[in-house]
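Enquirer: Chains as they are written, first to last, in the numbering used here: chain A, 20 to 627; chain B, 11 to 375; chain C, 517 to 896. Glycine included, each C-beta is placed from N, C-alpha and C at the ideal position. Here's a structure for you.
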Amino acid sequence: MDQAKSQDMKMRRLWGRVRSWLSRPANVILLTFLIVLAALTLYPLLSMLMETFTIHVGREARAAKEAAGTLSLYHFQRLFATSENDYSWIQFYQPFLNTLIVSLSASVIAIMFGGTVAFLVTRTNLKYKKFVSAVFTFPYIMPSWTLALFWEAFFKNVNIGLKTSNGIMAAVFGVYMPEWFVYGAFPIALVLGLHYAPFAYILIGGILRNMDANLEEAATILRASRPRIIWRITLPMVKPAMLSTFLLVFASSMSAYSVPVFLGSPVRYYVLSTKMKSLMDSYPGQAYIIVAVMILFGVGILLLNQKVTNSRKQFTTVTGKSGQISKINLGKANRPVAILLVIILLLVAVVPLITFAMESIIVKAGDYSLSNMTLDFWIGTNLQERLDQGDSTGILLNPKVWNALGYSLGLAVTCAFVAGTCGILVGYGVAKRRGSRFSSWVNSLSFFPYLMPSLAFGAIYLAMSSKIPWLRGFLLLGLVGSVKYLPFASRSGVNAMLQLSGEIEEAAVITGVPWWKRMARIIVPIQKSSFLSGYLLPMVSCMRELSLFVLLVPTSNTILTTMLMQYSEKGWAQFGNAINLLIIIVVLLVNFIVNKLTGASIDKGVGG
Amino acid sequence: MPEIILKNVTKRFGKFVAVDHLNLQILSNSFITLLGPSGCGKTTTLRMITGLETPTEGQISIDGKIVFDSELGVNLPPNKRDVGFLLQNFALWPHMTVYQNIAFGLENLKWSKKRIQERVKELLAMLRIEELEKRYPSELSGGQQQRVAIARTLAPRPKVLFMDEPLSNLDTKLRMEMRTELKRLHRETDATFVYVTHDQLEAMTLSTMVCIMDGGKLQQYAPPLRMYNSPANLFVADFLGNPSMNFVQGHLDQSGLLDFGGMKCQFEPFDAVTLTDQDVVVGIRPEHIFIGDNGAQEATVYSTLPSGMETTVKLNVNGVALNAVEFGDLDYPVDSKVRFSFRKAAVLFNKESGKSIARGKLNLL
Amino acid sequence: MKKFAALVLALIMALCAVHALADVTADVEAGQAMTHDQLVEKALAETGTFVVYGNTSRIATAAEDFAALYNIPYEPSNLKDQEIYTKLRNENGSAAADMVMIQDGAQLADAIDEGLVINFVPASMKDVLSETDQQPALVHQYINKLFIYNNKGDNVPAIKNVWELTAPEMKDNVIFKNPETEKVNMNFLVMCTKPEWADKLAEAYKAWKGEEIDLGSYKNAGYKWVAEFLDNVIFGKSDTSIAEEVSQETAAGKIGLFVLSKLRSSSVLTDNLTVAQYDATANGYTVEPFAGFMYPMYTMVNTKATRPYTAMLFIEYLMTQDGFKPWGKSIGAYSPNPAITVNDGDLTIDVWKNTLVMEDADYILENFEVEDFILQHCQK
């Protein structure tokens, strides 16, 4: 009797504790996200790891001489320890080394370029700042391979690569660039570095902008020279931002597929992602091992990142009188530096657009005479008869293109909405329960999708969806996109929430305002622009995403990027270029409108 | 020998004039305070002397050397001016230990390792923070951070030490303690201290000279007690003192007959000045109103605010409010009648210009 | 954490309520015996969108005509062959394909074994097509990739023997798609090592060099040719871009191995290109021992099809003159249906079958390890 009573008491006490724990909205949010994210990220990860031990039907079963479905270490042995025909070297070690080289260099380039520009813009009296900061995010908005295509088209010549034709540099200026400059590790790293430099610009620029100017002034007074201040004070201060950039750029570069294909394959330069793709169809087990290796690397850098930012050197950015900060006078160097920067930006951000426009109106490749130009690929009719090429109308008259544009936009908006909203909630939960293990789990889980290569992520979701009858079409694409881009949104959500002092909400708690009202009426309005930025980045990324969706779209005409890929595959380059331009213009337009209406911008989205 | 001289220094941010034709001489070994409400231009002035801010016009020289001159085009960078600067928010470098923070400036001067070590130890001892040597700033309390910041600033033995509200981030008790420390440091280091604050108490207690600024203009530059007793204008009079000076509008004639707040007084100036017929503002320090049964004038008690050591009594005289401060704890019932008289001094200001006319004794008639 | 894991698992299980699928094997068997009218009747009784996957763009046009003919809602999808297999493996329900048109016989054989797709031969074709074009999978058409060279300049690589491509002076002058990115190319290289072709290559070597081939460490002449060929090759992005690049004025001395049908593309400067086999035919010689390679394009019914009869009707349609129309307009596509003749200016399928390396799925399946050897020579 007594025992039952005490048992009852115990239960009641436990229930009471659970109830009080659950009465905090932050706990409920974290618990929900922990479960949902575990299902949406850990489950795919585990199922993928299972694949690395499973013998698949067909080619694998025959090669392994084992029944399909058996669990075995065959794939590991084959990928890591097969010396016959240099198999492991060719399929894994060499591409692995290349991947490391390319990703490391891309990260360094992104950090150096983006960081330098961020420094120039925030800390000096550089000219044309407005233009620089407006155009700097362009390369990120454009799909990364557009820059790769442009690079090849611009610099190729008859001495290198396919050795068949001259690009603009050789044809117009008579300059023949050497092969290492146009194909292989250098251009791949450079293009990826330039593409991701906006991350560095945004993250490092954010710190530089918010960093207490007094820290540098104190050093100035103590007679430190300019270089010494940058080296000993400024750089260590932006080190966490540099590491974050490193993590983002390294992980993205590692899984980048199109850029290495375009700039690597003519000189037989292979990286892990290209190997993964070609292994995926006949030897999926080995392909998933490569994915696992990539993720492992990402996690390694993530841990390193956390270790550095959690050390006792951690600082809180006290914003001093930075309004009064004196900008470094670049003096005579100002104009040359500014002009150089403008030229570089024009080259990487504006000239490619012009090139795409050009390529979308010429009929025969390489012939830029007026007689070879036509607007037919945009607004022509009856093209199939006349040109025996692609669809019969120009893209602007093609209902398929408009449908795809609508679908792409709808998908991007949906993903942005879901990811962005979840990002805010994650941000709220993580910030409120900061320091608890629970909160750091959710935080890490929400970042995890970033480390999964898009292609593999798509493949895993396709496999998952085969077991869930209702997960189809738009729902599936929306889910994948939302999960994949959650990291952007949750980062900006966490940052925005951390900036918000807890008292603001507490004031409302005391007067008994319910949680949803506090969010809707107090927290969201205050951080409106930060949150909107958290929506913008998933939206932009989604609009130009290909690898993630390629396996999941119901048909290839569903979204613009798969349509674009199909057109380029089929050799309808003009249509491809026109659609590419259309995507970029739409993204820029959306970005511009949102920015003008709400003040949100991609910059804020990365959490600067 | 004058150590720092500012001539016609002006700083404009766009159309906004932050500092307007400022002339100032700072003697060596003095402890001067730039005092004023926020936005008065005091921090800008300090930053211009250090070189962190470039003046729009004027000339600045330190120790006989011109460090800035808009016409000659001279502008020495901060690190060439041989000054120390203690910043408001300490600005300790979070990624360096206490030792590294203090040693940084000495490394810049290319001191030998051994000398640096000795000097840092000396400073750690001087500021009584020896045990913090290996800590990072995030592991220090506010007061400890302050001491480290001071040690870092003092390390290269600057001849001039600038401080921008260095105590404003500390709590009251610590602030008291650090004030004492600063005054002691001034003695020990033999350097010129230039101190920016908006806290008049700090200015009064610490400095040898106070420079009060408002709206970018110099209001008065004098030793603190002189400034307290003989404010140059209404602004200075109002800014110094807590509770602040009583101001009552009135009229003065050539004979010194003063009519204010329904009271008639004979004004006896301390110095020989010719009085003219004019509208004036009479400034009376609260401690110069003496409440006692022998007082010449009657007043109604509006409220009494005892604080233990002293009591502020708010009086109503013919509709004019006057604050009086009496020593000790007194308590008058509200609306009771008391008598008072004026003692020591009052200051007359011209009503229109606000400038001081004369200081003297008020005899109630 | 354990509790969470259990919860998550339960959640997933609930979501994955497995959904029994009707198999279409019986339907296809029945369909093989049906007349055209019976198929039409059955097809029109089916509901939902008719979904088609193909790795050629022209299937969309065919599907459009077909759908218009019978007033059936349709959705064509153009995918790379690997993607088609991945999707077949993982998709089911109404969104999945009903019918696929696909290349790479080796992978297809696996897909048939796996039960992903099922072969359907329309009754009308049973007596018309040869056995090899019906089994194990119905061939809709053959596609050829040929040696095609730039005819500008004074070093025109008008090859008469494929060993010429292995000569030092041809280094970096041969352009081919990376065999890793499209399996039919890999299949071709594997086929070269088949004893039958290896022997022919050995003979051709003798004809070219005038001496017996010295195999060194190579297993046969096929291996030697593949290795030395790949050493001279530069990999292009796609057949289209290879065609475009080789056709450039500046590309004198270049030779490509790509799909003949790319010559139809308006972005290719066709006048600058010469097909080695055409030149040989015109001048009465042969390219020893082959002028390129050929592979079949198959049509199959998805075993998870929701409109199996529509799929069968469509396959039947594709095998007719009308159904072949989208391909019938230009060169480079060859129907096994003798009623459908080749285009003007093209050679007949029989000529091609004798001059090209034909894909042999069985050999490729049995000798998949040759791919490792080929990969080794795809390195720098």
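Would you call L834/C buried or exposed, if buried means 16 or more other Cβ atoms sit within 10 Å of its Cβ?
Expert: Reading the third sequence from its first residue, position 318 is the one you call residue 834/C. Buried, by the Cβ-count rule.
Enquirer: Where P233/B and H196/B are concerned, what is the direct C-alpha to C-alpha distance, given to the nearest angstrom?
Expert: Numbered from 1 along the second sequence, position 223 holds the residue referred to as residue 233/B. Numbered from 1 along the second sequence, position 186 holds the residue referred to as residue 196/B. If you take the alpha carbons of P233/B and H196/B, they lie about 16 Å apart.
Enquirer: Could you run through the segment 238 to 266 of chain A and flag, in chain order, every residue whose CB is less than 8 Å away from some CB of chain B?
Expert: Of all residues in the segment 238 to 266 of chain A, A238, T239, I240, L241, R242, A243, S244, R247, R251, I252, P255, M256 and K258 have a Cβ within less than 8 Å of some Cβ in chain B.
Enquirer: Which residues in chain A sit within 8 Å of A101/B, going by Cβ to Cβ distance?
Expert: Here residue 101/B refers to the residue found at position 91 of the second sequence. Ordered by position in chain A, the residues that pass the 8 Å Cβ test against A101/B are D231, N233, L234, E236, A237 and G339.
Enquirer: L166/A and V210/A: beta carbons closer than 7 Å?
Expert: Reading the first sequence from its first residue, position 147 is the one you call residue 166/A. Reading the first sequence from its first residue, position 191 is the one you call residue 210/A. In this structure, V210/A lies closer than 7 Å to L166/A by Cβ.
Enquirer: With 9 Å as the limit, tell me which residues of the segment 264 to 284 of chain A have their beta carbon closer than that to any beta carbon of chain C; keep them in chain order.
Expert: Contacts with chain C (Cβ-Cβ distance below 9 Å) from the segment 264 to 284 of chain A involve V280, F281 and S284, listed in chain order.
Enquirer: Could you say which of L213/A, V286/A and M161/A lies nearest to V201/A if we only look at CA atoms?
Expert: Taking the first residue of the first sequence as position 1, residue 201/A is located at position 182. Answer by Cα proximity: V286/A.
Enquirer: Where does C221/B fall in DSSP's three states?
Expert: Position 211 of the second sequence, counted from the first residue, corresponds to residue 221/B. Strand, per DSSP.
Enquirer: Output the boundary residues of the alpha helix (DSSP H) element that contains V568/C.
Expert: By one-based count along the third sequence, residue 568/C stands at place 52. V568/C -> not in any alpha helix (DSSP H); beta strand (DSSP E) instead, spanning F566 to G570.
Enquirer: Based on the DSSP secondary-structure assignment, which residues constitute the bridge partners of M813/C?
Expert: Within the third sequence, numbered from 1, the residue matching residue 813/C stands at position 297. Note: M813/C sits in a beta bridge opposite Q657/C.
Enquirer: Please work out which residues of its chain come closer than 7 Å, Cβ to Cβ, to N897/C, disregarding the five sequence neighbours upstream and downstream, and give them in chain order.
Expert: Lying before the first or after the last residue shown, residue 897/C is absent from chain C, which here runs from 517 to 896.
Enquirer: So R780/C packs on S851/C, CB below 8 Å; how close in whole Å?
Expert: Taking the first residue of the third sequence as 1, we reach residue 780/C at position 264. Taking the first residue of the third sequence as 1, we reach residue 851/C at position 335. About 17 Å separates the two Cβ atoms, so there is no contact after all.
Enquirer: Give me the residue from L360/A, L470/A, F611/A and F99/A with the minimum Cα distance to A137/A.
Expert: On the first sequence, position 118 is the one that residue 137/A refers to. Closest option to A137/A, Cα to Cα, is L360/A.
Enquirer: In chain C, which residues lie less than 7 Å from R287/A when you measure between Cβ atoms?
Expert: What you label residue 287/A is simply residue 268 of the first sequence in a count that begins at 1. Ordered by position in chain C, the residues that pass the 7 Å Cβ test against R287/A are F751, C894, Q895 and K896.
Enquirer: In chain order, what are the residue ranges of uninterrupted alpha helix (DSSP H) at least 4 long that sit wholly in the segment 166 to 241 of chain B?
Expert: Runs of the alpha helix (DSSP H) inside the segment 166 to 241 of chain B: 182 to 199, 210 to 216 and 234 to 239.
Enquirer: Can you have a look at Q598/C and say buried or exposed, based on whether 16 or more other CB atoms are within 10 angstroms of its CB?
Expert: Translated into the one-based positions of the third sequence, residue 598/C becomes position 82. Buried is the label assigned to Q598/C, since at least 16 other Cβ atoms lie within 10 Å of its Cβ.
Enquirer: Rounded to a whole number of angstroms, what is the C-alpha to C-alpha distance between Q230/B and N348/A?
Expert: Within the second sequence, the letter at position 220 stands for residue 230/B. Within the first sequence, the letter at position 329 stands for residue 348/A. If I take the Cα positions, the gap works out to 35 Å.
Enquirer: Is there a Cβ from chain A that is less than 7 Å from the Cβ of N18/B?
Expert: The residue labelled residue 18/B in the question sits at position 8 within the second sequence. For N18/B, the answer is no, since every Cβ of chain A falls outside 7 Å of its Cβ.
Enquirer: Using 8 Å for Cβ pairs, my map puts A435/A next to C561/A. What's the rounded Cβ distance?
Expert: In the first sequence, residue 435/A corresponds to position 416, counting from 1. In the first sequence, residue 561/A corresponds to position 542, counting from 1. In this structure A435/A touches C561/A by the C-beta definition: roughly 7 Å separates them, less than 8 Å.
Enquirer: I want to verify the contact list: residues of chain C whose CB lies under 8 Å from the CB of M299/A, in sequence order.
Expert: Indexing the first sequence from 1 puts residue 299/A at position 280. Chain C residues near M299/A: Q598 and T602.
Enquirer: Rounded to a whole number of angstroms, what is the C-alpha to C-alpha distance between L374/B and V204/B?
Expert: In the second sequence, the residue the question calls residue 374/B occupies position 364. In the second sequence, the residue the question calls residue 204/B occupies position 194. The straight-line gap from Cα to Cα measures roughly 43 Å.
Enquirer: If the cut-off is 9 Å on Cβ atoms, which residues from the segment 146 to 178 of chain B count as contacting chain A, listed in chain order?
Expert: Y146, P147, S148, E149, A159, R162, T163, A165, P166, P168, F172 and D174
Enquirer: Can you give the Cα-Cα distance for A191/B and Q546/A, rounded to whole angstroms?
Expert: Counting from 1 along the second sequence, the entry for residue 191/B is found at position 181. Counting from 1 along the first sequence, the entry for residue 546/A is found at position 527. In the sequence as presented, Ala is not what sits at residue 191/B; that position holds Glu. Rounded to whole angstroms, E191/B to Q546/A spans 43 Å at the Cα level.
Enquirer: Strictly below 8 Å CB to CB, what residues from chain C border P159/A?
Expert: Sequence index remark: in the first sequence, residue 159/A carries index 140 (1-based). The identity of residue 159/A in the sequence shown is Tyr, whereas the question assumes Pro. Under the 8 Å cutoff, chain C gives no residues; its nearest Cβ is about 24 Å from Y159/A.
Enquirer: Which residues in chain A sit within 8 Å of N701/C, going by Cβ to Cβ distance?
Expert: Translated into positions along the third sequence, residue 701/C becomes position 185. Ordered by position in chain A, no residue passes the 8 Å Cβ test against N701/C, which lies about 12 Å from the chain.
Enquirer: So, does the CB of G88/A fall closer than 7 Å to a CB anywhere in chain C?
Expert: Locating residue 88/A in the first sequence gives position 69, counting from the first residue. No - not a single Cβ of chain C is within 7 Å of the one on G88/A.
Enquirer: Which residue comes first and which comes last in the beta strand (DSSP E) that contains M149/A?
Expert: Numbered from 1 along the first sequence, position 130 holds the residue referred to as residue 149/A. Reading off the sequence shown, one finds Lys at residue 149/A, where the question assumed Met. Element bounds for K149/A: not the beta strand (DSSP E) but the alpha helix (DSSP H), K148 to V154.
Enquirer: Please name the residue, chosen from R167/B, L177/B and L315/B, that lies closest to R157/B on a Cα-to-Cα basis.
Expert: In the second sequence, counting from the first residue as 1, residue 157/B sits at position 147. Cα-wise, what sits closest to R157/B is L177/B.
Enquirer: Give the straight-line distance between the Cα atoms of K722/C and P711/C, rounded to the nearest whole angstrom.
Expert: Translated into positions along the third sequence, residue 722/C becomes position 206. Translated into positions along the third sequence, residue 711/C becomes position 195. Taking the Cα positions, K722/C is about 16 Å away from P711/C.
Enquirer: If we cut at 7 Å on Cβ distances, does A311/A have a partner in chain C?
Expert: Counting from one through the first sequence, the residue named residue 311/A turns up at place 292. No, its Cβ sits nowhere closer than 7 Å to a Cβ of chain C.
Enquirer: Since F132/A and G203/A should fall inside the 8 Å C-beta cutoff, what is the C-beta to C-beta distance between them, to a whole number of angstroms?
Expert: Taking the first residue of the first sequence as 1, we reach residue 132/A at position 113. Taking the first residue of the first sequence as 1, we reach residue 203/A at position 184. Wrong, their Cβ atoms sit about 20 Å apart, outside the cutoff.
Enquirer: Could you check what DSSP says for M835/C in three-state terms: helix, strand or coil?
Expert: On the third sequence, position 319 is the one that residue 835/C refers to. Correct three-state label for M835/C: coil.
Enquirer: On the DSSP letters alone, give me the boundaries of the alpha helix (DSSP H) that I130/A sits inside.
Expert: On the first sequence, residue 130/A is found 111 positions in, with the first residue counted as 1. Run containing I130/A: Q113 to R142, per the alpha helix (DSSP H) assignment.
Enquirer: When the distance is taken between beta carbons, is G439/A closer than 7 Å to V513/A?
Expert: In the first sequence, residue 513/A corresponds to position 494, counting from 1. In the first sequence, residue 439/A corresponds to position 420, counting from 1. No, these two residues do not count as a Cβ contact at 7 Å.
Enquirer: Taking only three categories from DSSP, how would you classify A309/B?
Expert: Residue 309/B sits at position 299 when you count from the first residue of the second sequence. The answer is strand: DSSP assigns A309/B an E or B state.
Enquirer: Report the residue from G193/A, A515/A and A423/A whose alpha carbon sits nearest the alpha carbon of M582/A.
Expert: In the first sequence, residue 582/A corresponds to position 563, counting from 1. Selected option, being the one with the closest Cα: A423/A.
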